[in-house]
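K.L.:
Pasting a structure here, questions to come.
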Amino acid sequence: MQSEIIIHEYKPEFAKYFYQLNKAWIEKYFVMEELDHKSLEGPEEYIIDKGGYILFAEYDDMIVGCCALIKMSEKVYELAKMAVDPSAQGKHIGLIIGEAIIKKAKSIGAKKLFLESNTKLTPAINLYRKVGFKEIPHHPSEYSRSNIQMELEL
Numbered sequence: 042m043q044s045e046i047i048i049h050e051y052k053p054e055f056a057k058y059f060y061q062l063n064k065a066w067i068e069k070y071f072v073m074e075e076l077d078h079k080s081l082e083g084p085e086e087y088i089i090d091k092g093g094y095i096l097f098a099e100y101d102d103m104i105v106g107c108c109a110l111i112k113m114s115e116k117v118y119e120l121a122k123m124a125v126d127p128s129a130q131g132k133h134i135g136l137i138i139g140e141a142i143i144k145k146a147k148s149i150g151a152k153k154l155f156l157e158s159n160t161k162l163t164p165a166i167n168l169y170r171k172v173g174f175k176e177i178p179h180h181p182s183e184y185s186r187s188n189i190q191m192e193l194e195l
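Numbering (this note's numbering), first residue to last: 42 to 195.
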């Protein structure tokens with residue numbers, strides 16, 4: 042029997058998973074930047090307390106994925122720090138958590154989601170397109186690794 046994927050909202054005890062899951066992919070492909078340290082080491086202060094949200098995916102009693110909504114303005118949120126543990130990839134966890142974060146954004150009245158990524162992350166870019174994100178002209182970014190920006194009208 043296949044295990045169920047359960048989506049959870051942020052709890053303080055999940056902060057370590059947010060850090061570990063994201064640090065793993067960032068260091069695999071890039072380097073941790075100042076903004077990474079701020080958001081990953083202080084998710085409550087940097088994301089939650091400012092009106093944002095973080096969702097987590099549980100599979101086989103383990104937290105294996107996460108994704109954040111960072112409040113940019115009253116109706117615009119950034120989809121950020123999406124990560125899936127390599128041991129759990131191939132189980133559509135990225136798609137499930139991506140759809141859950143979009144549903145969450147709609148439920149709080151967001152009208153637009155924005156994200157920054159890197160075209161080196163082909164599976165992530167394909168996932169974003171699959172859930173409806175469209176590439177937009179690239180504007181200056183706080184992340185040196187950002188070479189693509191996308192948005193989704195809700």
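Idealized CB from N, CA, C, for every residue including glycine.
It should be emphasised that the depicted structure is a prediction, and the values quoted were computed from it without experimental measurement.
Identify every residue that forms a DSSP beta bridge with residue 158.
P.N.:
For this step, residue 158 is matched to residue 117 along the sequence shown. For residue 158, which the question treats as bridged, DSSP gives the partners 189.
K.L.:
My output table needs one value for residue 139: the three-state DSSP class, helix, strand or coil.
P.N.:
Position 98 of the sequence shown, counted from the first residue, corresponds to residue 139. Three-state result, residue 139: helix.
K.L.:
Give every residue of the same chain whose Cβ lies closer than 6 angstroms to the Cβ of residue 174, excluding the five residues on either side of it in the sequence, and list them in chain order.
P.N.:
One-based indexing of the sequence shown puts residue 174 at position 133. So the list reads 191, 193, once near-sequence residues are dropped.
K.L.:
Please list, in chain order, all residues of the same chain as residue 182 whose beta carbon is under 6 angstroms from its beta carbon, the five residues on each side excluded.
P.N.:
Indexing the sequence shown from 1 puts residue 182 at position 141. Closer than 6 angstroms at Cβ, skipping near neighbours: 157.
K.L.:
Please specify which runs of the alpha helix (DSSP H), each continuous and at least 4 residues long, are wholly inside the region 53-93, giving them in chain order.
P.N.:
If we require 4 residues or more, the alpha helix (DSSP H) runs fully inside the region 53-93 come out as 56-70, 75-82, 84-87.
K.L.:
Once you ignore the five residues that flank residue 89 on each side, which residues in its own chain have a CB closer than 8 angstroms to its CB?
P.N.:
Reading the sequence shown from its first residue, position 48 is the one you call residue 89. For residue 89, where only same-chain residues beyond five positions count, the Cβ hits under 8 angstroms are 51, 95.
K.L.:
Evaluate residue 63 with the Cβ neighbour count: other Cβ atoms within 10 Å of its Cβ, from every protein chain shown; 16 or more gives buried, anything less gives exposed.
P.N.:
As a first step, residue 63 must be located in the sequence shown, where it is residue number 22. That one is buried.
K.L.:
Just verifying my parser: in three-state terms, what is the DSSP assignment at residue 51?
P.N.:
Counted from its first residue, the sequence shown places residue 51 at position 10. In the structure shown, residue 51 sits in coil (DSSP, three-state: anything other than H, G, I, E or B).
K.L.:
Got a sec? Which residues, its chain only, sit under 6 angstroms from residue 42 by beta carbon, not counting five neighbours each side?
P.N.:
On the sequence shown, residue 42 is found 1 positions in, with the first residue counted as 1. For residue 42, the pLDDT reaches just 47, beneath the cut-off of 50, and the residue's location in the model is therefore unreliable, leaving the point undetermined.
K.L.:
At what residues does the beta strand (DSSP E) containing residue 109 begin and finish?
P.N.:
Here residue 109 refers to the residue found at position 68 of the sequence shown. Residues 103-112.
K.L.:
Based on DSSP bridge pairs, tell me the residues matched to residue 97.
P.N.:
Sequence index remark: in the sequence shown, residue 97 carries index 56 (1-based). Per DSSP, 49, 107.
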